[in-house]
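Novice: Quick one: the structure is below, and I'll ask about it shortly.
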Amino acid sequence: MKKLLQNKITGSRLTLPVTLCYAIGIWLLGGLIQEQWWIQFGCFMLTAYLMVQLNNTNALIRIYSRMVSVSFLLLSCMACFLFPSLSGNFTQLCIVASYLILFQSYHDKSGAGLTYYGFLCIGLASLTFVHILYFVPFLWILMLTCLQSFSLRTFFASLMGIITPYWLGICWLVYQDNFSLFVDHLTPLVEFQTPFDFNILNNSQTITFAFVILLALIGAIHYWRTYYLDKIRTRQLLIFFIWIDFLTVAFICLQPQYYDPLIRILIINTAPLIGHFMALTHTKITNIAFCLICITTLLLTGYNLWM
6 MKKLLQNKIT
16 GSRLTLPVTL
26 CYAIGIWLLG
36 GLIQEQWWIQ
46 FGCFMLTAYL
56 MVQLNNTNAL
66 IRIYSRMVSV
76 SFLLLSCMAC
86 FLFPSLSGNF
96 TQLCIVASYL
106 ILFQSYHDKS
116 GAGLTYYGFL
126 CIGLASLTFV
136 HILYFVPFLW
146 ILMLTCLQSF
156 SLRTFFASLM
166 GIITPYWLGI
176 CWLVYQDNFS
186 LFVDHLTPLV
196 EFQTPFDFNI
206 LNNSQTITFA
216 FVILLALIGA
226 IHYWRTYYLD
236 KIRTRQLLIF
246 FIWIDFLTVA
256 FICLQPQYYD
266 PLIRILIINT
276 APLIGHFMAL
286 THTKITNIAF
296 CLICITTLLL
306 TGYNLWM
């Protein structure tokens with residue numbers, strides 16, 4: 006059977022290296038050298054590497070394909086207005102690291118060590134984006150339903166993981182006689198602004214948000230139509246991504262002032278879904294959809310760079 010362009014690209018071993026070169030080029034065009042974003046770029050590259058490991062370790066795609074990490078690179082570069090944020094890039098890195106660790110605890114209710122380190126990454130992410138703590142109760146639910154690793158032991162391990170960065174930080178703040186900084190850090194958790202106030206978003210942010218949601222929907226629908234073809238573990242992980250995507254979209258709608266860190270979370274969880282769709286479909290219609298998605302991504306990247 007003759008391979009479509011979609012399948013040639015998604016199954017090629019050159020796709021990831023070419024995309025990586027493209028990503029470096031976008032960073033250079035975005036101002037990497039002029040603005041000296043070396044630490045941000047380092048966090049981005051390390052996150053991309055962890056996305057490769059996330060796909061390889063968990064076999065998110067049942068054939069050889071690097072589309073999970075490729076999708077992450079393309080979508081992250083599309084949102085090039087996020088490049089300057091050091092805290093955002095660090096948060097993104099911590100979230101992917103937490104996934105990589107937590108997924109290893111699948112079906113292991115005694116895996117307190119893995120759970121501790123997974124939530125330690127969440128705790129570290131909360132140092133730069135404290136509202137990530139809102140996701141913790143939902144992560145416990147997903148540990149129970151998707152990862153099937155939730156138990157009293159892993160629950161307390163997760164609490165210890167989250168608390169550890171704060172415990173160390175509080176010791177330092179007490180020593181510096183500056184405990185008020187800890188209170189100031191947590192205060193935003195109880196401060197809320199007007200929900201659905203999308204006027205604070207510019208055109209680039211709004212269009213990018215809408216496009217990533219569209220990709221998430223395409224990936225989710227594809228999953229629900231073909232889930233029986235995947236192994237049970239892969240199904241559970243894809244459901245995990247779908248639920249986090251749903252929660253992130255709801256969070257952005259309710260508190261759009263936190264758009265920048267939240268769109269990163271949306272991209273992280275959408276990349277496996279749309280990568281799964283691109284790699285495992287092989288009809289003329291999906292080939293056209295693949296081409297349209299790629300063209301739109303490139304056009305949006307150029308638009309966001311220009312803006």
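Quick note: the sequence shown uses my numbering, first residue 6, plus one each step. Where a beta carbon is used, it is the ideal one built from N, C-alpha and C, also for glycine.
As a quick exercise: from C296, L285 and L267, pick the residue whose alpha carbon is nearest that of N94.
Specialist: Stepping through the sequence shown from its first residue, residue 94 is reached at position 89. If we check each option's Cα against that of N94, L267 comes out closest.
Novice: The alpha helix (DSSP H) spanning C313 covers which residue range?
Specialist: Residue 313 lies beyond the stretch modelled for the chain, which goes from 6 to 312, so this question has no answer here.
Novice: Note down, in chain order, each residue of its chain lying with its Cβ closer than 7 angstroms to the Cβ of T306, except the 5 sequence neighbours on either side.
Specialist: Looking up residue 306 in the sequence shown gives position 301. Cβ neighbours of T306 beyond the five flanking positions: I31, C82, M83 and C85.
Novice: If you follow the alpha helix (DSSP H) that I273 is in, where does it begin and where does it stop?
Specialist: As a position in the sequence shown, residue 273 is number 268, starting the count at 1. Segment Y264 to L285, the alpha helix (DSSP H) holding I273.
Novice: Quick one: Cα of F246 to Cα of L222, how far?
Specialist: Start at 1 with the first residue of the sequence shown, and residue 246 comes out as number 241. Start at 1 with the first residue of the sequence shown, and residue 222 comes out as number 217. Approximately 12 angstroms, taken between the alpha carbons.
Novice: What is the DSSP secondary structure of N61, counted as helix, strand or coil?
Specialist: The residue labelled residue 61 in the question sits at position 56 within the sequence shown. Here N61 sits in helix by DSSP.
Novice: So what's T199 in DSSP terms, helix, strand or just coil?
Specialist: Here the question's residue 199 lines up with position 194 in the sequence shown. T199: coil per DSSP, three-state reduction.
Novice: CB T159 to CB A117, shorter than 8 angstroms?
Specialist: The residue labelled residue 159 in the question sits at position 154 within the sequence shown. The residue labelled residue 117 in the question sits at position 112 within the sequence shown. Yes, the pair counts as a contact, with Cβ atoms nearer than the cut-off.
Novice: Answer yes or no: do D235 and T275 have a C-beta to C-beta separation smaller than 8 angstroms?
Specialist: Translated into positions along the sequence shown, residue 235 becomes position 230. Translated into positions along the sequence shown, residue 275 becomes position 270. Going by C-beta atoms, D235 is not nearer than 8 angstroms to T275.
Novice: Taking all protein chains shown into account, do 16 or more other C-beta atoms lie within 10 angstroms of the C-beta of R269, making it buried, or fewer, making it exposed?
Specialist: Start at 1 with the first residue of the sequence shown, and residue 269 comes out as number 264. With 16 or more other Cβ atoms within 10 Å, it is buried.
Novice: Between which residues of its own chain and F256 is the CB-CB distance below 6 angstroms, once the five residues before and five after are set aside?
Specialist: Position 251 of the sequence shown, counted from the start, is the residue given in the question as residue 256. Excluding positions up to five away in sequence, the list reads L267.
Novice: Relative to the alpha-carbon of G128, which residue among Q97, N208 and F155 has its alpha-carbon at the smallest distance?
Specialist: Along the sequence shown, one-based indexing puts residue 128 at 123. Nearest C-alpha to G128: Q97.
Novice: Going by beta-carbon coordinates alone, are Q260 and F197 separated by less than 8 angstroms?
Specialist: The sequence position of residue 260 within the sequence shown is 255, counting from 1. The sequence position of residue 197 within the sequence shown is 192, counting from 1. Yes, Cβ-Cβ distance for Q260 and F197 is below 8 angstroms.
Novice: Please report the distance separating the alpha-carbon of F282 from that of S74.
Specialist: Within the sequence shown, residue 282 is the residue found at index 277, counting from 1. Within the sequence shown, residue 74 is the residue found at index 69, counting from 1. Looking at the two C-alpha atoms, the distance is approximately 13 angstroms.
Novice: Report the three-state DSSP secondary structure of W248 (helix, strand or coil).
Specialist: Here residue 248 refers to the residue found at position 243 of the sequence shown. In this structure, W248 counts as helix in the three-state DSSP scheme.
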